[in-house]
Amino acid sequence: MKQLLLRMHVLRLCAALVVAVLIYNLFHIQIIQGGHWRNTAENNRFRHLVQVAPRGKIITADGVELASNLPGYSVSLAFDGNRASRDKTVETLARLLELTEEDIEAMNTRISDYRRSFEPLELFRNVDFNKILLLEENRHLMPSLVIQVTPRRVYPQDYLLGHALGRTIDYTGREGLELSWNEHLTGTNGFSVVQVRAGGRPVGLPIISQVAVPGNNIILTIDSDLQHFTHEALLRGLAIARGTRMGAKAWSGSAVVMDPNTGRILALISEPSVNANAKYTPPNWEEEVPYAVRGSNLFFRPVQYPRTVGSIFKMLVGLAALEEGKVTPTERIFCGGPTWIVGRRGIDSPTICWEGTAHGHLDMREAIRLSCNVYFGTLAHRLGYNTLREYFDLFGIGPSPFNAGFDCLPLGEQGSANFASERRPIFGGDVVQMGYGQINEFTALQMANYIAMLANGGIHYKPYMVDRVESAEGEIVEQILPTILNSHQFSAVNLRTVQEGMLRMGQSNANTRNLTVSVAGKTGTAEQTGEGFPHGLWVGYAPFDNPEIVVVVILEHGGEGFMASRVAAEIINYYFTRGGGTR
Amino acid sequence: MNSKILRNYDFVLLFTIIVLSLFGILMVTASTVPAGTPLMEMLKNSFVSKQIFFVVVGTGAMLVMSLIDYSEWRQFVIPFYLLNLALLAIVMIMGHSALGAQRWIDLGFFKLQPSEFAKIAIIITLSSIMAKEGRKIEGWLDLIIPFAHVSLPMLLIFLQPDLGTSLVFIAITGVILFVAGLKWLQMAVLATGGLMGSIYAFFFVFRDYQRGRLIIFLDPWQDPLGMGWQIIQSKIAIGSGQFWGRGLFGGTQTQLNFLPEKHTDFIFSVIGEELGFLGGSLTLLVYLFLVWQIIGVGLKAKDNLGRFICVGVAAMLVFQLLVNVGMTIGIMPVTGLPLPLISSGGSSFVATCLGLGLVLSVAAHSDTSMF
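From first to last, the protein sequence lines stand for chains A and B.
Mapped onto our numbering, the consecutive letters of the first sequence carry residue numbers 1 to 583.
Mapped onto our numbering, the consecutive letters of the second sequence carry residue numbers 584 to 954.
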């Protein structure tokens, strides 16, 4: 019993010892080291700074940077000071940046809603350098201010591929290539933790830091020289058209240069072009630019803007009729001028060839060369809509997948196919008109894909414009290979017949016949209601025996197909005289 | 009320407890409500209002406990023990359905933490077992029953995993057995065995992150943003308090949210920062006074049961004080034990009150004189 009570006294002493140890340590930390810790608490606060990783670049096949980064300045608010210092900072900032009442209110809402108080809140990005100087001068009034250098997206080539590049909002891809390749382009942000003095200035080296990893670069299949030249050629074509009495509306158009053996897109033009750095700033139009063009300048025409394509559609109808046995390569069909192919019912006007010409008896090759509407209207009538429609899909120009399966740009941005059958029943007269490219509307890229299939013998390569993804150090992360979406074995004789028809056309055209390579081509003229020129189109490939490029040119309101063939000839000539492609 | 109870009632102890509880409400307020909030707004803060609620409930339960003769509980040893195991088992089962460590049973209005009540259950039941007529600690075999009794609930808590609370069990058991007459040789053997067991567990049972958490206090700068963050921020807070403290609501570390868990496990950091060495050491001295008083009650108790209960409760309080305060000043690992009576948290507060109610009952029923 005595021992028990004794032991309880021992316990009391143990408790006293524990408290003594704690008080001793408390004394040590609060009295002996107190000054040091007070200093740490007072003067040195930890500030968690995010370092935004540079976005990957977008680079053409020949190494021209279309999208890159420049240093920009961001202004943030740190939450490591007291409320008063924060309020003072915000107040001074609003005054120096001359913010409106609305801006101030919006800023205050963001500040009061902010929950990650260990990290500064970014208030403004890409602040003008002069403003930054002003803020730095008044730094002592804004203890909670953080000014950081953060990358800013720029497009050094301005107009080159301006539509396709898209744009970023808050340094995140929101449109175009920036959006569809955002995952690759986005890097991994770094961070550092620095100690900051009461005035908000960092003290010493960061305690801990993780370097930002830049995003991957996207290397395009586009060749910048060819892209540039193609654009110039198109502009020249439009200018020539405008030089004539009827050409006042010739301000817009598109062009595609594609490799038929892979689906690689080498040039992709949309005119009017946009400056990727100021996409949504309306350009300062010359007065005579038609209103219709001003309204559609943001369309990336070759993938977003289906047009009536006219006669360039005839090879599809011809090949379909040959394959289905509805005509033979040598069968002659009589064209005697305006003709009622399905009778008066179901069509409101007869089929008329160019300016009411009568072509006489024509076989397939001649019909292509002369672009006879009566011949191809007759073939379409023989095929019927359902069979014709199967060939739309076969050539990748049906409504689905739109643009022949092209997916380098966000699919939601690729406009929508314009097929009459999606809207209304199809009558016999419609089918006849489809035979020479009316009724339905197609994009330039769809036409390029269809011509590529004629050129390569029926292989549908998925069109693509991104060749590879590289890390910032230049290592290949992902190589994009040609993808065969569909392959159709056409009868060699039938295919050859259509190709030779195109070759005859190429050789009889004054623009394309004298080039160093033999060109297979087809002009098209899509009649437009109203004043001015119709759309002038040209499709084709070269060289005839061993096709390297497919070219599609559309001059909206730019005159007949002949005008477009001039542009195409320039492009083809440039491609082959400067020493071949980039492969 | 029996006049004998009133005569023996330890009002000094009761007063000390109430002072500490009110101080707890104040510090929970200081650590959760921004400076400059009007009083009525402060009371609307859920942490503050909850703490007030639990202080009322806990103190009420304590007063009721103190009026019941603690010897009455002897007859409930087995039901208490089984209920305790059942609650811990429920936590185990629910823990499997939730993420990782699960220490609570969600009752909707209140999250019950059975391990807090398990400490009190073990104090009563182990004390009853050890105080049984004729039980003595002579040889090693006499240790089997108490060890088996304690290790089952302790294991369940250890598996939650809640290392801190299971260590409290060791402290309670060790102290009760010590007072019950453990031999010096036995103590030496048990201490050596415990030490070797801990070393083994440290290297072979604990996962990497648990090991890291246990030793980070030795050098928190190894991981200043991760595991070391709490310790560094707590040391900055306490150290910067210096002698007088930065004033209630004046601590930058507290007010700027540098301190995590500042209203629960790290509430002593707030005390240190805002009330300084003066407030911090005074708090510790009041604690010492409380424990001193509790053991004093035990010394005057009428039987061994009362003595064991008192030393058990004292051991619980001192151990938690050492681990909790030691953690905030960087001399103990971070184990997540609350500071009894002061940290916010209903289960901890009410359970501590139940233990103190037992002590008050021991005091009130200490008179053995017949009349």
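Just so you know, even glycine gets a beta-carbon here, dropped at the ideal spot from N, CA and C.
Query	Result
By the DSSP assignment, the alpha helix (DSSP H) with B/G889 in it spans what residues?	N887 to T911
Report back the beta-carbon spacing between A/A239 and A/A255 to the nearest angstrom; my notes put them in contact at under 8 Å.	Not a contact, Cβ separation roughly 15 Å.
Work out the CA separation of A/A417 and A/E287 for me, nearest whole Å.	32 Å
For chain A, find out if any of its Cβ atoms is closer than 8 Å to the Cβ of B/V758; answer yes or no.	yes
Beta carbon of A/H359, beta carbon of A/V432: below 8 Å?	no
On a Cα-Cα basis, can you pick out the residue from A/Q528, A/L555 and A/P463 that is closest to A/L537?	A/L555
Go ahead and pull the three-state DSSP assignment for B/L724.	helix
Any residues in the stretch 643-663 of chain B with a beta carbon nearer than 7 Å to a beta carbon of chain D? Which ones, in chain order?	Going by chain labels, chain D is absent from the structure shown, which instead holds the protein chains A and B.
For A/C408, does the three-state DSSP call read helix, strand or coil?	coil
Closest Cβ-Cβ distance between A/Q30 and chain B: below 8 Å?	yes
What's the call for A/S112, buried or exposed, on a 16-neighbour Cβ count within 10 Å?	exposed
Whether or not the stretch 841-856 of chain B and the stretch 922-935 of chain B are in contact is what I'm after, with contact meaning three or more pairs of Cβ atoms, one per stretch, closer than 8 Å; do they touch?	yes
Using C-beta distances below 8 Å, list every residue in its chain close to A/I29, excluding the 5 sequence neighbours before and after it, in chain order.	W37
By DSSP, does B/F630 sit in helix, in strand, or in coil?	helix
With DSSP collapsed to three states, give me the class of B/H846.	coil
If you run the structure through DSSP and keep just helix, strand and coil, what is A/R7?	helix
Give me the Cα-Cα distance between A/T308 and A/Q438, rounded to the nearest whole angstrom.	6 Å
Look at A/N456 and A/P547 and say whether their C-beta atoms are less than 8 Å apart.	yes
In terms of residues, what are the limits of the alpha helix (DSSP H) holding A/H228?	S224 to R242
Which residue from A/I484, A/I397 and A/V469 puts its Cα closest to that of A/L445?	A/I397
Quick one: what's A/W538 bridged to in DSSP?	A/T523 and A/V553
Kindly indicate which three-state DSSP category A/R566 falls into: helix, strand or coil?	helix
Please list the residues of the stretch 776-802 of chain B that have a C-beta atom closer than 7 Å to any C-beta atom in chain A, keeping them in chain order.	none
If the cut is a Cβ gap below 7 Å, which residues of chain B does A/L594 touch?	Coverage of chain A is limited to positions 1 through 583, which leaves residue 594 of chain A absent and any answer about it impossible.
Going by alpha carbons, who is nearest to B/P729 out of B/L742, B/F700 and B/F761?	B/F761
If you draw a straight line from the alpha carbon of B/Q816 to that of B/F832, how long is it in whole angstroms?	17 Å
Is there at least one Cβ from chain B nearer than 8 Å to A/L49's Cβ?	no
Measuring straight from C-alpha to C-alpha, what distance separates B/S680 and A/L121?	Here the model assigns B/S680 a pLDDT of 43, short of 50, so the residue's position is not dependable and the matter cannot be decided.
Using a beta-carbon distance below 8 Å, is A/H36 in contact with chain B?	yes
Taking all protein chains shown into account, decide if A/K2 is buried (16 or more other Cβ within 10 angstroms of its Cβ) or exposed.	exposed
Under 8 Å between C-beta atoms, does B/F700 make it to chain A?	no
Quick one: Cα of B/I600 to Cα of B/A672, how far?	32 Å
Whole angstroms is fine: what's the gap from B/I892's alpha carbon to B/L646's?	17 Å
Is A/L266 near the ligand MN, in the sense that its beta carbon is under 7 Å from a heavy atom of that ligand?	Looking for the ligand MN in the displayed structure turns up nothing, as the structure carries no ligands at all.
Closest Cβ-Cβ distance between A/L5 and chain B: below 8 Å?	yes
I'd like to know whether the C-beta of A/I640 is nearer than 8 Å to at least one C-beta of chain B.	Residue coverage of chain A in this structure runs from 1 to 583, which leaves residue 640 of chain A outside it and unanswerable.
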